[in-house]
Structures are given as C-alpha cells and as structure tokens.
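Our numbering puts the sequence shown at residues 1084 to 1229. In this text, a Cβ means the ideal position worked out from N, Cα and C, and glycines have one as well.
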Amino acid sequence: MSIKSHNTFKIKTIQLKKFDFEQTGKLVADKKKEINLKQKIGAIAKQENTNSYILQLNVDMAFKQDEQDLFFINSVIVGAIEVGKNFDEKLLSNMAAIMFSYLRPMVAQMTVMAKLPPLDLQPVNFEEFEVKVERREPKTKSANKK
1084 MSIKSHNTFK IKTIQLKKFD FEQTGKLVAD KKKEINLKQK IGAIAKQENT
1134 NSYILQLNVD MAFKQDEQDL FFINSVIVGA IEVGKNFDEK LLSNMAAIMF
1184 SYLRPMVAQM TVMAKLPPLD LQPVNFEEFE VKVERREPKT KSANKK
C-alpha cells in the first residue's frame, strides 16, 4: 500500500533505543510537596529517500522535590515513516508526538519499580515543535571509471 496524500505518513516502526533511569535523591512522602519536572525534548529526522524518514526523539527529564533532585530519565526513541509525495515536513512534529506517547507509560512503570509513586507524564503540545531535518547526501559516481 502506498501513500498518496502529501499530508499523511505511515509508521513503519517505533523502537526505544535508550532508557536511562537514575534515582539520586529520596522522595519525601508529603502530599503538600510536589514533584516538579524539567524536560528537554529534541528531534532529528534523516531523510532516507524521497518517501521515507528516520526520526530520533531525545527526551531528557529531571524530577525534583523542592530543590532536591529525585531522579533523571534520559531516553532515545527512533521511528521510521513512509510519506506521500510532496510531504510537508512540518508534519514530522506529529510523529514526534506519537513517539512521545510511547514514553509516558514507561516512565510510570519505572517510577513504580523504583518504589516511587506512579508518575503520569502530562501530554506535550508538539504543535509548535520543530524537527531538524538532515538530508542524505546523493551518492556520486566514481570519477575513476575505466
């Protein structure tokens, strides 16, 4: 099945390539003390050919209670998509949003396994998110042909 619309893509695969969890502090069990999240999200898409991209989503999160670091999560998720002709690359942010949704249950599960309360990440608005696109260099023919 091929994709005909320039506004659509087909997900070929999504893989979690890296998930580092490091607990650095102790949680104080007090309902008045919130757990604060700082996160950095970046994405790079490599255009494989005219109708496919490999997208890498990098998510670094730091969780704090008051000023004390509790734990860090660094993750890398990679996805492959097939796109239609004249694909609008601004829509790559939609793929980043889909990939981020795979991370949310993993964070909840990891916090429970670390004897912390389950942590539900809030959805992230990827509407204004920009994915950096790297283009594959065209292969040149050897100049030394005989």
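Excluding the five sequence neighbours on either side, which residues of its own chain have a C-beta within less than 8 angstroms of the C-beta of residue i, listed in chain order?
i	result
Phe1104	Phe1154, Phe1155, Ile1156, Met1193 and Ala1197
Glu1217	Ile1127, Ala1128, Lys1129 and Gln1130
Residues in its own chain within less than 7 angstroms of residue i by CB, not counting five upstream and five downstream?
i	result
Lys1095	Ala1163, Ile1164 and Glu1165
Lys1116	Gln1148 and Asp1149
Please tell me whether residue i and residue j are closer than 8 angstroms, where the distance is taken between their beta carbons.
i	j	result
Leu1175	Ala1191	no
Ala1179	Leu1140	yes
Ile1124	Val1142	yes
Ser1274	Lys1101	Nothing about residue 1274 can be read from this structure; the chain reaches only from 1084 to 1229.
Ile1137	Leu1099	no
Arg1219	Leu1204	no
In the DSSP assignment, find the beta strand (DSSP E) that holds residue i and state where it starts and stops.
i	result
Ala1126	Ile1118 to Asn1132
Leu1140	Ser1135 to Gln1148
Arg1219	That residue, Arg1219, is in no beta strand (DSSP E); it is neither H nor E in DSSP.
Excluding the 5 residues preceding and the 5 following residue i in the sequence, name in chain order all residues of the same chain whose CB lies nearer than 6 angstroms to its CB.
i	result
Lys1229	With a pLDDT of 48 at Lys1229, under the threshold of 50, the predicted position of this residue should be treated as unreliable, though the coordinate-derived value follows. Hits under 6 angstroms: none found.
Runs of 4 residues minimum, wholly inside the segment 1148 to 1183: which ones carry the alpha helix (DSSP H) assignment? none
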